[in-house]
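Visitor: Here the working numbering is used: the first residue of the sequence shown is -9, the next is one more, and so on.
The C-beta atom is built at its ideal place from N, Cα and C for all residues, glycine as well.
Remember, predicted model here, so these are calculated numbers, not experimental data.
Structure below; questions to follow.
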Amino acid sequence: MFVLLFALAVSAQNFESPENPKFDFYGRGPYRQEVPRPQEILRYSVGDFHTTYAQMEKVITEIAKSANDRVRIFEIGMTNEYRMMYLIAISAPENIARLEQIKESNARLADPRKTSPQEANSIIQNNPLIVWLAYTIHGNESASFEAMMQVVYQLAASNEPTTVEILKNVVVLIVACENPDGHERFVTWYNSVAMGNANRHALEHREPWSIYGRLNRYRFDLNRDNIAATQIETQNLQKAFFEWNPQVVVDHHGQPSQYFFPPAALPINPNLPQPVTNKWMEIFGKANASSFDAQKWDYYVRDIFDLFYPGYWDSFASLNGATGMTYETDGGGFKGLRWMRDDGSIVTLHSAIAKHFVASMTTLETAAKYRRERLQDFYDFRRTAMEEAKTEKMKRIVILPEKDRIRAAELAEILMRMKIQINLSQAPFTSKLAHSYMEKDSSATTVNFPAGVYIIDLNQPQKRLIKALLEPETPQDKEFVQEQIARFKRNQMRGKQQPKEEYGFYDITAWSLPLAFGLDAFWTEDLAPVNSIPLTEEYIRQIKRGSVSGKAQIAYVFPYDTDASAVMALRLLNEGFRVGIATRQIEADGKPWKKGTFVVRVTRNKESIHEAIRRLADELGVRVTAVNTGFFNQGDSGVGSETVLPLKAPKIAVLGDEGIDHTSFGSIWWTFDRYKINFTALSANAIRSGALKEKDILIIPDGSPGAIFNTLGRGGIETLKSWIQNGGTLITIRGASVFAGLKDVGLISAKLVGSDEDTERPKEDKEETSKPEPKESPKPTGSQKTGNSKLMGSSKSTVSQVSDEEFGVAESKTDKQDWKAPTLPPITSPSASKDRVPEGVPGAIMRATADLTTPLTYGLEDENLPVLLASGYFFRLSKEGTNAIIFEPSSKKPLTISGFVWEENTEKLLRGTAYLMSESFGKGQIIVFAEDPLFRGFFRSMTRPFLNSILLSANSF
Ligand SMILES: [Zn+2]
């Protein structure tokens, strides 16, 4: 009691609570005098201030220069904002002198086809272990960045016997910062407002929306990106990773209230071998525990952090044979220099750095101690994987590129970067035991495959990673799933006022890359003989190459057979050229061209059209046919036909402001940038001030419906409405679509399943809920409780969006949950609704059905589409407008293709709802996506409908 009062009394006066004794970063000497301490360069003590990227570069350069017998710095690639990323190798002088040789021998351990157990054994006797310590993947987890410099100094300067022993046995690879751009955004802002005030309401703990440093420039979460490496930072890191093949990998974070290190929680990716995976987590976990116990520091293990989704660095590294671990420290970041915990005690940046420092050093000591055993298990990882491949049912994966040759080539590039071998069929072949990806648990059938398909045989060293990324579905631990279902059942019985139990899902439960990329794929139980050659980078370049068949007299035509075709049309329009689109099949150059084919008439355009067509076809990979006569022999439409409608260059705006999900905004930004499509990001204030007047399209990315309402305000919403009435097009994504349907907004007529306005609900259910439910009006962020408060709280993209009573949640939130959390419809009455209200789905791949006659689905040929479902927002079909993509109301085929859904709830309620619809509003229209079509940049099955919403909405179709 006395202690508590004391702590409160002290903190109330805003003094630092006693951190006793203050951790000494220089207690592990003797130190080599010639090596400068970071503080000599920085001019402030550890944890007193935040270090900028350029200052850090100076620190590591100076240390490396004076300790060049132990240290090498490698530049591993640049970020979007031109910062260099570094890998710092530190080891004993004799290891540094033969670094290349160590790297080459180590690489041999990663390929059991080329390295016999005997040869492996000799490498294991003579080679050091490679340990990869990575810092600051989330740029605002700032203790990690500072700790890195202290670890570098300790290893470069100390002659302490333990440190010397580490250097003899280990090549330490330090990734100085995994997310330099995010770090710099955060630190520049934080330093400018830092007063060291522990009061959680203080300005310094409320990172503004546009600063948010967790993510990279394009607001991608880099600790989700390994799955497809869409971001440059991930590509740089993966290149270095596969060059060095580390055996121990630690990713240093900093978000929860207590320090975390493994063992990890369930579920663990079943592609990881057991018991060996758990054995190593126990070894490192226990070692860390004993170091922390000695310091009397709090920590926890298991509990929250899983090892399931393969896009994290810990799971990704583990799937490559390393012991991959996430460490989370408890201070710094949004907690700044000082932060008052719930109990009144204060956590400092300094103590958070100390904990990372001790965990890093303990990990290295443990790695040195277990060098041989870890190297042996690393070698065995791929050897046993190849043995497993012989007996497992899944022998081969076949990916068909026909739906989009460029998209398929991009997928192949991603896999090849991960050292996955792909073969290309040179002739047709037949599998008698093939399973389609589009059907969950499909039975085996005979399938004839043409030449030119991608073949990935499982019998190769990367088998475990291949399965984790490409198998149609990764099963979760049964025990874990049963527990979630039990919680669901209990939640169904809870009253409206009673908080619901949280679910243990950490991320999406389905990600299979062929499905995410919208490509047809099969896995086979046989290894049917096939004439094939290894796919090479050169072949990929050829596949991606565009062409123009000549200089056209009449017109250029290009079919909508790749996403790039729509991009090319947009780019031509932006450059001031006139482009049309065939709304029916046309005939040109003696061939039929499908609806959706783009037509560029020579006489309607400037002479420079010929150059523009060549340049863009080359850049984007589009294959263009030059047409020299307008006459056609068959059918009733040619390039001169009136069914070829003119397109208009759309002037696009995207709302970027408080309440908008950063990663949804970011995936739009990244997609536009990679295709060089112009757009303007607008704040809500700009919209209120009339900025939409010069725009045709406004996209509101995913976000909290209530927060979007607040951000725009009634004034902004009225401005938005009148702009649409006068011809503007509003495109809404997920939470923004819910916003558009709020009673007080009234932009769309479509209702959310389970809401009070949902007139299609069963009668008895409606009566039950209508009584106690107050009239819904939009409330501030956080008011729309989901019953899944852990996920809900963690879905907050910034602390500034978290209301006071949620701070407890915010503080304990974890990295792995800081994503697009599943959310229930805002208007629910759990007690009465029972199974009438959709329960939020963590992220499954579902079968959607496209109406191929509407412009929004131009470019699609298969009405079956795999789409990501990651919410409980199910929209009734629009009775006023177009339902372009829906979930079949009645079909024998299940809607679920992959991932976890709630039995007796998800499918039942999802049937007959819309994924993509459009409604007119005055002279304008609203296009509604129920989910994020560009999720994390690697869901690409919906790219064409998304591009269509931009390209075709500005026109009167
Ligand atoms: Zn983190």
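Flag this pair as yes or no: are the beta carbons of V857 and S727 separated by less than 7 Å?
Guide: no
Visitor: Under the rule that 16 or more other beta-carbon atoms within 10 Å means buried, what is A357, buried or exposed?
Guide: buried
Visitor: Which value, in whole angstroms, describes the spacing of the CA atoms of V614 and V437?
Guide: 32 Å
Visitor: When the Cα atoms are used, what is the spatial distance from I599 to M558?
Guide: In this structure, the alpha-carbon of I599 lies about 12 Å from that of M558.
Visitor: Between which residues of its own chain and D748 is the CB-CB distance below 7 Å, once the five residues before and five after are set aside?
Guide: K741, L742 and R866
Visitor: If you measure from the CB of H242, is any heavy atom of ligand 1 nearer than 6 Å?
Guide: Checking every heavy atom of ligand 1 against the Cβ of H242, none is found closer than 6 Å.
Visitor: Going by DSSP, which residues form a beta bridge with F419?
Guide: Looking at the DSSP assignment, F419 forms a beta bridge with F439.
Visitor: Consult DSSP for V291 and reduce its assignment to one of helix, strand or coil.
Guide: It is coil, neither helix nor strand.
Visitor: Output needed for G186: all residues of its chain with C-beta closer than 6 Å, excluding positions within five of it in sequence on either side, in chain order.
Guide: Contacts found: L327 and R328.
Visitor: Going by DSSP, what residue range makes up the beta strand (DSSP E) through S908?
Guide: T903 to F911 is the span of the beta strand (DSSP E), which, as asked, contains S908.
Visitor: Closer than 6 Å: is that where the CB of H346 sits relative to any heavy atom of ligand 1?
Guide: no
Visitor: Where does Q575 sit, in a helix, a strand or coil, going by DSSP?
Guide: coil
Visitor: Tell me which same chain residues have a C-beta within less than 6 Å of the C-beta of S712, skipping the five on either side of it?
Guide: none
Visitor: Given a cut-off of 7 Å on the beta-carbon distance, is the pair H346 and A133 in contact?
Guide: yes
Visitor: CB of H173 to nearest heavy atom of ligand 1: below 6 Å?
Guide: no
Visitor: Determine the extent of the beta strand (DSSP E) in which L867 is found, giving its start and end residues.
Guide: That residue, L867, is in no beta strand (DSSP E); it is neither H nor E in DSSP.
Visitor: Fully enclosed by the stretch 677 to 716, which alpha helix (DSSP H) runs are 4 residues long or longer?
Guide: 695 to 715
Visitor: Looking at H652 and ligand 1, is the gap between the Cβ and the nearest heavy atom below 6 Å?
Guide: Outside the cutoff, so no.
Visitor: Ligand 1 and E131: does any heavy atom of the ligand fall closer than 6 Å to the residue's C-beta?
Guide: Result yes, Cβ under 6 Å from ligand 1.
Visitor: Just list the alpha helix (DSSP H) runs in the stretch 529 to 588, keeping only unbroken ones of 4 residues or longer that don't cross its boundaries, in chain order.
Guide: Correct list: 553 to 564.
Visitor: Alpha carbons only, please: which of Y143, A838 and N259 is nearest the one belonging to D497?
Guide: N259
Visitor: Quick check: is any heavy atom of ligand 1 less than 6 Å from the C-beta of H195?
Guide: No.
Visitor: Measure the alpha-carbon distance for V617 versus K585 and round it to whole angstroms.
Guide: 17 Å
Visitor: Considering only the beta carbon of each residue, do A424 and T514 sit closer than 7 Å?
Guide: yes
Visitor: Is H600 near ligand 1 - that is, is its Cβ less than 6 Å away from at least one heavy atom of it?
Guide: H600: no, Cβ never under 6 Å from ligand 1.
Visitor: Assuming E65 is part of the beta strand (DSSP E), what are its boundary residues?
Guide: V61 to M68
Visitor: Say whether the stretch 448 to 456 touches the stretch 368 to 378, bearing in mind that this needs 3 or more beta-carbon pairs closer than 8 Å, one atom from each stretch.
Guide: yes
Visitor: Could you say which of A643, F176, T69 and E648 lies nearest to A671 if we only look at CA atoms?
Guide: Shortest Cα-Cα distance from A671 to any of A643, F176, T69 and E648 involves A643.
Visitor: Quick one: what does DSSP say G244 is sitting in, helix, strand or coil?
Guide: strand
Visitor: Any contact of the stretch 242 to 251 with the stretch 117 to 131, i.e. 3+ C-beta pairs under 8 Å?
Guide: yes
Visitor: Evaluate V388 with the Cβ neighbour count: other Cβ atoms within 10 Å of its Cβ, from every protein chain shown; 16 or more gives buried, anything less gives exposed.
Guide: buried
Visitor: Using the C-alpha atoms, what's the distance from L941 back to T843?
Guide: 16 Å
Visitor: Pick helix, strand or coil for G914, following the three-state DSSP scheme.
Guide: In the structure shown, G914 sits in a strand (DSSP, three-state: E or B).
Visitor: Less than 7 Å between C-beta atoms, sequence neighbours within five positions excluded: which residues of the same chain meet that for A230?
Guide: Cβ within range, chain order: I66 and L77.
Visitor: In the DSSP output, what is H425 paired with across the bridge?
Guide: W513
Visitor: Would you say G611 and G620 are within 7 Å of each other, going by their C-beta atoms?
Guide: Their beta carbons are not under 7 Å apart, which means G611 does not touch G620 by this criterion.
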